[in-house]
DNA sequence: CGTTAAGTTGAAGCGTCTCAAGATTGGTGG
DNA sequence: CCACCAATCTTGAGACGCTTCAACTTAACG
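Protein chains in written order, with this note's numbering: chain A, -8 to 234; chain B, -8 to 234.
Here's what the structure looks like:
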């Protein structure tokens, strides 16, 4: 078990009651297949906020479904800069590789306290052979993750800072909405300026300037673990047209 | 059949003689399984240089293995900037999606004349059911493509221009070496400055300045469809330490 | 209420972009 | 073989976006 984690004592969350199971990797399926699938989930971990889930180079022989909380996946460069690759939200799959002895090419850090559903090599194998449709689901998830990475690469490579920030926030807002978060209200937002800056490839100082400007224009306010979206139309216009 | 392609008349290249089959998606396998697999390849296309293979939004009901030539995969932003996502080399898999009616999120353009081996929905399905180990191989390929995208995102987001260029060239050189290209000699290199600039997120003008500087230092020379690597150690030091 | 982490602001400098003119290369036809 | 053309690459000058460093302000938390 990785550093800083603790095994959640039973009773564990049941899949049938899991709020994110429709997003998670072992949807789709019949309601009554879930009991069997749940039995193949090894255990659940709880990791406190601001703790590593895994480091680059680790090769944990397990994969995780994020059941609750936020996780920041990132890569460190040799110049000590950090690129945030993804902000994982409930339902997202972490540390998946086709061979579990392949080392991970990136690290992951909890933004909040999180609950992880754990699957080891054996349980994955059993799941895939008992429920062959899950193989297809895994392909879809991998494919969606890759598409998200290409999107991020495109705007980090080609858009100016103002636009990158707008696109990053809109991506997140969209994914939160899918998860039932009401973004017309101020929401709890466990990313600080440094996290956002590292995701879009600018410095926190510059992010602060642009972010103050957006706040002044009544578009968004993201500070101190709160996000308030005041004018989503203008945010979209910023993201798409840069104005 | 997509625009600008033509169907290559038989005799097609045989898999047993294919120079890149060890890299391609239907390795691994027994030598004698290749005949059967080849029978499931629908056909081969030949596409001239500088022609589209597919556009963003297309949903061709087929996937391609690049048998020979180079292909540039990219995404256009609404501000008319282009991000080059990948330079596909022989053996690489193009347009793969878990559901072939999903539209593609990026476009592809030939850099040289290319030969594509074509697989349609039916043939993929037959291949995967006759050779179940190919499913695992597809996971590996998808996973490697995603890892490459994360790498690119990291240096485009976090490294200065000089370092990005060095990393991009080293990535390419490494992948060419795997394919048996001898980079101690000048090689044919069908990317112009604009292609490289769009891959690393700078302007062609700035690329030209840095590239002249590197040439002056006797590190690399990439112009006019030729690449000469003069000092790979210094190129690596540039990529890793920025000096 | 004090302490610490997080965000803000100013000033100066550097890296990258833009625009525009000029040079080099490879290809084509005379 | 040479002249010409188009595409590609190069170079300069000025402007702009983003970074750096450092001081200051604000919010969160016990």
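A virtual CB, placed ideally from N, CA and C, is assigned to each residue, including glycine.
Considering residue i, what are the terminal residues of the beta strand (DSSP E) in which it resides?
i: residue 29 of chain B; result: Element bounds for residue 29 of chain B: not the beta strand (DSSP E) but the alpha helix (DSSP H), 24 to 31.
i: residue 181 of chain A; result: From DSSP, residue 181 of chain A is part of no beta strand (DSSP E); its letter is neither H nor E.
i: residue 35 of chain A; result: 34 to 38
i: residue 264 of chain B; result: Outside the shown range of chain B (-8 to 234) lies residue 264 of chain B, about which nothing can therefore be said.
Please determine, among the options, the residue with the shortest C-alpha to C-alpha distance to residue i.
i: residue 73 of chain B; options: B/51, B/92, B/91 and B/47; result: B/47
i: residue 199 of chain B; options: B/185, B/144 and B/233; result: B/185
i: residue 177 of chain A; options: A/222, A/159, A/156 and A/231; result: A/222
i: residue 39 of chain A; options: A/27, A/60 and A/234; result: A/60
i: residue 108 of chain A; options: A/209, A/9, A/75 and A/218; result: A/9
i: residue 50 of chain B; options: B/102, B/121 and B/89; result: B/89
i: residue 120 of chain A; options: A/214, A/3 and A/27; result: A/27
i: residue 215 of chain A; options: A/183, A/190, A/145 and A/201; result: A/183
i: residue 77 of chain A; options: A/201, A/188 and A/211; result: A/188
i: residue 4 of chain B; options: B/212, B/102, B/106 and B/136; result: B/106
i: residue 148 of chain A; options: B/154, B/191 and B/138; result: B/191
i: residue 145 of chain A; options: A/133, A/211 and A/159; result: A/159
i: residue 122 of chain B; options: B/24, B/196 and B/224; result: B/24
i: residue 91 of chain B; options: A/213, A/134 and A/142; result: A/134
i: residue 197 of chain B; options: B/170, B/155, B/71 and B/141; result: B/155
i: residue 232 of chain B; options: A/213, A/70 and A/58; result: A/70
i: residue 141 of chain A; options: B/201, B/150, B/75 and B/58; result: B/75
Going by DSSP, what residues sit across from residue i in a beta bridge?
i: residue 110 of chain B; result: B/54
i: residue 215 of chain B; result: None; residue 215 of chain B has no bridge partner.
i: residue 45 of chain A; result: A/99
i: residue 74 of chain A; result: A/66
i: residue -2 of chain A; result: A/36
i: residue 59 of chain B; result: B/106
i: residue 220 of chain B; result: B/211
i: residue 257 of chain A; result: Within the shown structure, residues of chain A are numbered from -8 to 234, placing residue 257 of chain A beyond reach of any answer.
i: residue 79 of chain B; result: B/62
Quick one: what's got a C-beta closer than 6 Å to residue i's C-beta in the same chain, skipping five residues either side?
i: residue 193 of chain A; result: 152
i: residue 29 of chain B; result: 6
i: residue 157 of chain B; result: 226, 229 and 230
i: residue 104 of chain B; result: 39, 40 and 60
i: residue 11 of chain A; result: 81 and 82
i: residue 117 of chain B; result: 31
i: residue 195 of chain A; result: 184, 185 and 188
i: residue 212 of chain B; result: 206 and 219
With a threshold of 7 Å on Cβ separation, who are the neighbours of residue i within its own chain once the five nearest residues in sequence on each side are excluded?
i: residue 227 of chain A; result: 161
i: residue 45 of chain B; result: -7, 51, 86, 95, 98 and 99
i: residue 164 of chain B; result: 174 and 220
i: residue 209 of chain A; result: 221 and 222
i: residue 143 of chain B; result: none
Looking only at its chain, what residues have a beta carbon closer than 8 Å to the beta carbon of residue i, apart from the 5 residues adjacent to it on each side?
i: residue 234 of chain B; result: 228
i: residue 167 of chain A; result: 80, 174 and 178
i: residue 139 of chain B; result: 77 and 162
i: residue 102 of chain A; result: 40, 41, 60, 61, 62, 63, 78, 181, 182 and 186
i: residue 169 of chain A; result: 14
i: residue 150 of chain B; result: 158 and 233
Could you spell out where the alpha helix (DSSP H) holding residue i opens and where it closes?
i: residue 123 of chain B; result: Here residue 123 of chain B belongs to no alpha helix (DSSP H), and DSSP marks it neither H nor E.
i: residue 196 of chain A; result: 195 to 207
i: residue 11 of chain B; result: Counting along the chain, residue 11 of chain B falls outside any alpha helix (DSSP H), and DSSP gives it neither H nor E.
i: residue 88 of chain A; result: No alpha helix (DSSP H) holds residue 88 of chain A; DSSP gives it neither H nor E.
i: residue 231 of chain B; result: 223 to 232
i: residue 159 of chain B; result: 152 to 169
Pairs of beta-carbons, one from the stretch 93 to 108 of chain A and one from the stretch 62 to 76 of chain A, closer than 8 Å: are there three or more? Yes, since at least three Cβ pairs between the stretch 93 to 108 of chain A and the stretch 62 to 76 of chain A fall closer than 8 Å, the two stretches touch.
Task: contact_flag[the stretch 42 to 60 of chain B, the stretch 75 to 87 of chain B] where n(CB pairs < 8 Å) is 3 or more - done: yes
Under 8 Å, with one C-beta from each stretch per pair, do the stretch 5 to 15 of chain A and the stretch 110 to 117 of chain A reach the 3-pair mark?
no
Exercise for review: Say whether the stretch 204 to 221 of chain A touches the stretch 124 to 144 of chain A, bearing in mind that this needs 3 or more beta-carbon pairs closer than 8 Å, one atom from each stretch.
Suggested key: no
| said: Does the contact criterion of 3 or more C-beta pairs under 8 Å hold for the stretch -4 to 9 of chain B versus the stretch 29 to 49 of chain B? | reply: yes
| field | the stretch 210 to 221 of chain A contacting the stretch 166 to 182 of chain A, beta-carbon criterion three pairs below 8 Å | value | yes
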